[in-house]
Every structure is written in C-alpha cells, then in structure tokens.
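From first to last, the protein sequence lines stand for chains W and B.
Using my numbering, read the first sequence as starting at 1411 and increasing by one per residue.
Using my numbering, read the second sequence as starting at 234 and increasing by one per residue.
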Amino acid sequence: MVTVAFYAAVHVVEMVFAHDGCRQHTTHDSRRGTLNLRRYTQLRKSYFHLYNLSRTARYNPDPSEWFSAQRVREELVKRALYPLERSALKLLKKDPIPEIQWEHTF
Amino acid sequence: MATHKKTRAPIHLKDSDGDRQVVIETPYDRFLMSCVRAVEACASRQAWQDEFTALVDRLKEWVESSKGRVRACYLSPGDGHISVFFVPSSDTYDFDLGDALNDLEVELATNFKVVPTEVLQIPGDTSERLEAFVDVEKSITIKPAA
C-alpha cells in the first residue's frame, strides 16, 4: 500500500513538473532536487513521507510493525497523499478531487 | 636545547602550468594528470572535507536539539550522496519527526552543495532492523548527550 501511494505521488509530481515545462526525471535524487524549489514546498512536505516510507517498507524486515496498514490509510493517505494531490491541483489551478470512500477495513 | 625537524622543500603545484603532466604515485598505482586537473582535485577535496566537517557539526547540533524524539543519527556513504539516517525514539515511524526531517533535508540541500545528502527516518529499535539500512561499523554515529 505504501509503495502504491508513493508511486501515485510520483505521477502527481511529474504531472506538475510537466505542466511547468520541466523535463521528466529518471531518478529519485533528481526529482527530489527539483522539489527543493520554493514553488514546490507544499508538495515536498507530503512527498517526503511517501518517499521515506516506501524506502523503509522495501528494506524493513517487518514493515507492518514500522508502519501499520491502518496508519497508511489514516495517516499516510490523509496527511501526505491527499495534501500532495491538493497542492498539485492548486499549482495546476484545477478543482479538488473527492477523497476515497474506504469500503474495506485493514 | 631546541630540536630542529628536518623538512623537505614543498612541491609547488600551479594551475598556470596548464597541461604539463604531474606523475602521481601511490603504493598500488601510478598515473598522469595535468597540473590544472591536479589543482582542481586538491581544491575539491579540501572543499569537500571542510563542508563535510560543517555538515557533521550541524547534525550534532540538530540531534541535540531534537533530544527526546531522536535515538541516533548515522552518516553513511550512499549512491552519489551521503545518507543521513535518523532512528526515532519511538519504535514506529514518527510523522511529526518526518516533517522536521523534511525541513532539515531542504536546509542541508541549500547549505551544503558540495556534499549532497539524503535524509531518511529508519527503524532502529533492534539491531536486525537497523542493519537492514546501515552498516554501523562504516558509519559515523551521532547520539544525543545522555
């Protein structure tokens, strides 16, 4: 779930970069470098958590003890992914999109 | 009685010597480099060392000011950057610490351009989890004062 949320964020960020006329990034380092620009301050705040957690989920022997599925839904999605999408839409001057209505519990 | 240390004459390496070649010998290698490149390499090495020292000092200060929520910080060579790993005091990911680390990463990227860094919060409540990310033996460890 963390990795899916992170790659959703990568696509959102690249969409904003494309809108701004930036070249497409092929490495995480270069993408994070561009996010250091003042224009992307809000995007970066959210992206940082998603990137960090996807990295630790990948190498952590017990990822669910570090960050449970419930926290992914209640914290990561609400405190990072949604704000990142809202910041992106603001930069693109688009209307906000509705939040996911969860039907399943984890 | 004063003792006099015998010193050897310094070697003058000048970039004004341009393409003139310098022979560099180590116990395992011997190679040529132009004076211009050798001067650049020495200057870069010094700049890197100075900035790395300042980076470690800044991180010591940050860890100390974050006492209570940071258990330890590890500096480790990464892929084209220095990885700066933070272990939170909690056993799980600390979202508020993550916010602070994002600000720290931006600050480091702004102030330390010669030594690029990547900041990550990692689990470290057991040595098994810590070692999945860090080779502690090959890292610089910073811990808040007790």
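Glycine included, every Cβ here is placed at the ideal spot set by N, Cα and C.
Query                                                                                                                           : Result
Within-8 Å CB hit, Val348/B to chain W                                                                                          : no
8 Å Cβ cutoff, Thr1466/W in contact with chain B                                                                                : yes
Spatial neighbours of Met1411/W in its chain, beta-carbon cut-off 7 Å, leaving aside the 5 residues before and after            : Ala1479, Val1482
Residue-level contact to chain W via CB, Ala365/B, 8 Å cutoff                                                                   : yes
Residues, ordered as in the chain, of the segment 352 to 363 of chain B that lie near chain W by beta-carbon distance below 8 Å : Leu353, Gln354, Ile355, Pro356, Glu361, Arg362
Cβ-Cβ distance between Asp324/B and Asp358/B below 8 Å                                                                          : yes
Rounded separation between Val272/B and Lys247/B - CA only                                                                      : 7 Å
Near-chain W residues of the segment 315 to 329 of chain B - C-beta to any C-beta below 8 Å                                     : Asp324, Thr325, Tyr326, Phe328
Residue burial classification, Asn1446/W (beta-carbon count within 10 angstroms, cutoff 16)                                     : exposed
Under 8 Å between C-beta atoms of Ile315/B and Thr350/B                                                                         : yes
Residues of the segment 1425 to 1453 of chain W with Cβ closer than 7 Å to any Cβ of chain B, in chain order                    : Asp1439, Asn1446
Option in Leu292/B, Pro260/B, Arg263/B, Gly331/B with minimal Cα separation from Leu341/B                                       : Leu292/B
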